[in-house]
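The structure appears below as structure tokens.
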Amino acid sequence: MKDAEVSNDTEISGSTLRLERLIASPPEVLFALWTEPDHLIKWWGPEAYETVVHTLDLRSGGHWRIVLRRSNDSALAISGVYRVVEPPRRLVFTWAWEDERGTRGHETLVAVNFEPAPGGTRLILLQKHFENEQRRDGHDAGWSASFDRLARIAS
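Under this note's numbering, think of the first position of the sequence shown as 45, with each following residue one higher.
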């Protein structure tokens, strides 16, 4: 296939972020990249961080927790609960950053759809209920960079 990343659409409004990419890979492959720890660590998170999967209980009601480690030993943790798991078409989960004591902060809701499309899969991410525009914009940058890596390894 040609380019792994064929389209890149971002829609930002209020407390919601919507990202859409056409990735040259079938939904089954992309779903596995999102749900199997050995694959997830290859693309999730900012460039300067190592991704460590602590928990990935892939079922409705199952918990997930990921730690992002920097080379200076600082770490950021994110956790949530899966609300919907429909292989290979849809994931819905809560998302909250944890502080240094492990206390979860403001929670958002993330929905990821994997839609078959000519040339691969239309990946659509909708994250909503951000507490402010700065947080939303930070997630836009983070998800966009992660999606670039996801597109590279998916093809």
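Cβ atoms here follow ideal geometry from the backbone N, Cα and C, with glycine treated the same way.
Computed from a prediction, not measured in an experiment: that's the story for all the values here.
With R134 and V154 assumed to form a contact (beta carbons below 8 Å), what rounded beta-carbon distance in angstroms separates them? Residue numbering aside, residue 134 sits at position 90 when the sequence shown is read from its first letter. Residue numbering aside, residue 154 sits at position 110 when the sequence shown is read from its first letter. That belief does not hold up - the Cβ atoms of R134 and V154 are roughly 11 Å apart, past 8 Å.
By the three-class DSSP mapping on this structure, what secondary structure does L102 have? Taking the sequence shown and counting its residues from 1, the one referred to as residue 102 is at position 58. Three-state result, L102: coil.
Cα-Cα separation, A68 to P160: As a working mapping, residue 68 is identified with position 24 in the sequence shown. As a working mapping, residue 160 is identified with position 116 in the sequence shown. Going from the Cα of A68 to the Cα of P160 covers about 10 Å.
Reference G186, options L77, R65, A76 and G89, closest by Cα: What you label residue 186 is simply residue 142 of the sequence shown in a count that begins at 1. Looking at the Cα atoms, G89 is the closest of the given residues.
Ignore the nearest five residues each way along the sequence and tell me which others in K46's own chain have a CB closer than 6 Å to its CB. Here residue 46 corresponds to residue number 2 of the sequence shown, with the count starting at 1. Note that K46 scores a pLDDT of 32, beneath 50, so its modelled location is shaky and nothing firm can be said.
Contacts around A92, its chain only, beta-carbon distance under 7 Å, and the 5 residues preceding and following it disregarded: The residue given as residue 92 occupies position 48 in the sequence shown. Cβ neighbours of A92 within its own chain (closer than 7 Å, five residues either side excluded): R114.
Within 7 Å, strictly: CB atoms of T95 and L112: Residue mapping note: residue 95 aligns to position 51 of the sequence shown, counting from 1. Residue mapping note: residue 112 aligns to position 68 of the sequence shown, counting from 1. Against a cut-off of 7 Å, the Cβ pair of L112 and T95 comes out as a contact.
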